[in-house]
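Scroll down for the structure; my scribbles are underneath it.
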Ligand code: FES
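Take a look at the structure:
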């Protein structure tokens, strides 16, 4: 994110008003894809909030990311309905097979893995989302196929 882009975002909010923090962080993430220490420090300076406090707020909320997504961003729902029908094992399988840990992006930037709360479609649980595509009622065999397809696409 350029300094110009950041200034444009900040211009939507008054300086030194702490209640602008969350919407500013959300808007920055929307533009940049993720937050960085440098961006957090600049937001803090603009709002008059110490950088460590800005960092504390940003890390408190699950919605904020500190790594760029991979080429394929994988979201596994671990809401109650999905968890009850096996989604918890999906995370381990994806981590093992694609060498990415939950909440992070693989070293080669091919995959990122996120565990989410309920995606709002429990009747179709368990759900795995790859970029914009939702896979519903996923079973172990489906997951194997999804992982195989991802590997083929990124070879
Ligand atoms: S718990 Fe997964 S969609 Fe509701």
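Residue numbers (this note's numbering): -7 to 147. A virtual CB, placed ideally from N, CA and C, is assigned to each residue, including glycine. Just so it is clear, the structure is predicted and the values come from calculations on it, not from any experiment.
Expressed to the nearest angstrom, what Euclidean distance is found between the alpha-carbon atoms of residue 144 and residue 24? 28 Å
In terms of residues, what are the limits of the beta strand (DSSP E) holding residue 107? 103 to 108
Local Cβ density within 10 Å of residue 64, reported as buried at 16 or more and exposed below that: buried
For residue 127, name the three-state secondary structure that DSSP assigns. strand
Going along the chain, which residues of its own chain have a beta-carbon closer than 6 Å to the beta-carbon of residue 16, five neighbours each way excluded? 5, 35
With a CB to CB cut of under 7 Å and the five nearest residues on each side skipped, what residues in its chain are close to residue 42? 36
Cβ of residue 117 versus every heavy atom of the ligand FES: is any distance shorter than 7 Å? yes
Just to confirm, does residue 72 get its C-beta within under 7 Å of one of the non-hydrogen atoms of the ligand FES? yes
Would you kindly work out how many angstroms separate the C-alpha atoms of residue 31 and residue 140, rounded to a whole number? 37 Å
Can you determine whether any heavy atom of the ligand FES sits closer than 7 Å to the C-beta of residue 95, and answer yes or no? no
Enclosing alpha helix (DSSP H) for residue 140 [first to last residue]: 132 to 146
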